[in-house]
Amino acid sequence: MNDSPSRQLRIGIFGGTFDPVHLGHLVLAESCRETCELDEIWFVPAACSPHKTAANVTSGTARRDMLEFATAGAACFHVKTVELQRGGTSYTVDTLEQIRGGRPDAELFFLIGADSLADLPTWREPTRIVELATVVAVNRGDQPDPDVSAVERQLGPTANQRLRMVRMPAIDISAHEIRERIASGRSIRYLVPRAVEAYIHEHQLYRGRLEAI
92 MNDSPSRQLR IGIFGGTFDP VHLGHLVLAE SCRETCELDE IWFVPAACSP
142 HKTAANVTSG TARRDMLEFA TAGAACFHVK TVELQRGGTS YTVDTLEQIR
192 GGRPDAELFF LIGADSLADL PTWREPTRIV ELATVVAVNR GDQPDPDVSA
242 VERQLGPTAN QRLRMVRMPA IDISAHEIRE RIASGRSIRY LVPRAVEAYI
292 HEHQLYRGRL EAI
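Per our numbering, the very first residue in the sequence shown carries number 92; after that it's consecutive.
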């Protein structure tokens with residue numbers, strides 16, 4: 092009889108504005124799923140990011156719908172609207188606390204771009220973030236890795252073994268570029284999933300929007 096404890100469910104939490112979701116987001120999620128052996132990836136669209144101007148962000152409903160289209164057919168990808176439902180400014184620590192409360196049985200992994208790792212100590216309650224989840228910093232392509240040890244020193248002993256690096260293929264796509272291409276009448280084919288492209292055109296999103304969001 093095998094008395095070894097069962098493996099915890101491993102959930103990757105991928106937050107962001109997703110305005111719009113694009114193929115770079117999906118490749119990042121898949122790279123983390125494979126490298127970290129995650130069972131699920133939860134895409135969590137922000138209600139109001141601390142780093143964005145709310146007035147310039149597409150409605151939460153539209154961003155949620157595009158995520159649903161983008162992840163359709165991927166059994167391990169799920170869209171969670173906890174931040175949209177909570178409203179207000181979307182702080183990572185609040186979201187992780189909420190998810191931990193609902194899924195105490197799961198091991199959480201928080202997915203971010205490697206370029207954001209250096210700023211993590213300036214976020215709200217960063218030490219609590221690394222208590223709640225392993226932080227997975229994703230390096231896009233062949234960029235030099237950030238100084239993980241420096242971040243660990245700033246966050247203290249809690250961060251030891253709680254920061255992990257993952258490398259993904261270099262995909263030079265940004266949501267800002269996609270919005271600019273739409274606003275100037277250029278193609279976004281092969282930059283976003285086909286269903287997302289169709290949704291954007293059907294709802295006439297991002298037309299005439301050349302502002303830097």
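Ideal placement from N, C-alpha and C gives every residue a C-beta, glycine not left out.
| query | result |
| --- | --- |
| Sorted by chain position, which residues of the same chain lie with C-beta nearer than 7 Å to T218's C-beta, five sequence neighbours on each side aside? | L246, G247, T249 |
| Taking Cβ positions only, does V170 come closer than 8 Å to chain D? | Here there is only one protein chain, and chain D is not present. |
| Cutting at 7 Å between CB atoms, please list the residues of its own chain near R253, excluding the five before and the five after it. | V221, T225, V226 |
| As a quick exercise: from D156, V184, R258, pick the residue whose alpha carbon is nearest that of I104. | V184 |
| Suppose the cutoff is 6 Å on Cβ atoms and the five residues either side in sequence are ignored; what does the same chain contact list for Q189 look like? | V173 |
| Does DSSP classify L282 as helix, strand or coil? | coil |
| Return the CA-CA distance between P237 and D206, expressed in angstroms with no decimal places. | 7 Å |
| Determine the extent of the beta strand (DSSP E) in which A228 is found, giving its start and end residues. | 225–231 |
| Over what stretch of residues does the alpha helix (DSSP H) that includes R255 continue unbroken? | Not the alpha helix (DSSP H): R255 falls in the beta strand (DSSP E), residues 254–259. |
| Considering only residues of the same chain and omitting the five flanking positions on each side of C139, which have a CB-CB separation below 7 Å? | A145, G179, T180, S181 |
| Does the Cβ of N32 have 16 or more other Cβ atoms within 10 Å, making it buried, or fewer, making it exposed? | Outside the shown range of the chain (92 to 304) lies residue 32, about which nothing can therefore be said. |
| Would E302 be called buried (16 or more neighbouring beta carbons within 10 Å of its own) or exposed? | Residue placement at E302 is flagged as unreliable, the pLDDT there being 43, under the threshold of 50; a coordinate-derived value is accordingly withheld. |
| May I ask you to report which of helix, strand or coil DSSP gives I273? | helix |
| Of all the options A197, G115, A161, which has the alpha carbon lying nearest to the alpha carbon of D130? | A197 |
| Just mark T108 as buried or exposed, buried being the case when its beta carbon has 16 or more other beta carbons within 10 Å. | buried |
| Taking the alpha carbon of L117 as the reference point, which residue from H142, P260, L211, R298 has its own alpha carbon closest? | P260 |
| If distances are taken between C-alpha atoms only, which option among G164, A153, F168 comes closest to A289? | A153 |
| Using only the alpha-carbon positions, how far apart do I273 and R298 sit? | 6 Å |
| Taking the alpha carbon of R285 as the reference point, which residue from L223, S265, M157, A165 has its own alpha carbon closest? | M157 |
| From which residue to which residue does the beta strand (DSSP E) around G107 run? | 100–107 |
| Among the candidates E121, E128, R277, T162, whose CA atom is the shortest distance from the CA of Q99? | E128 |
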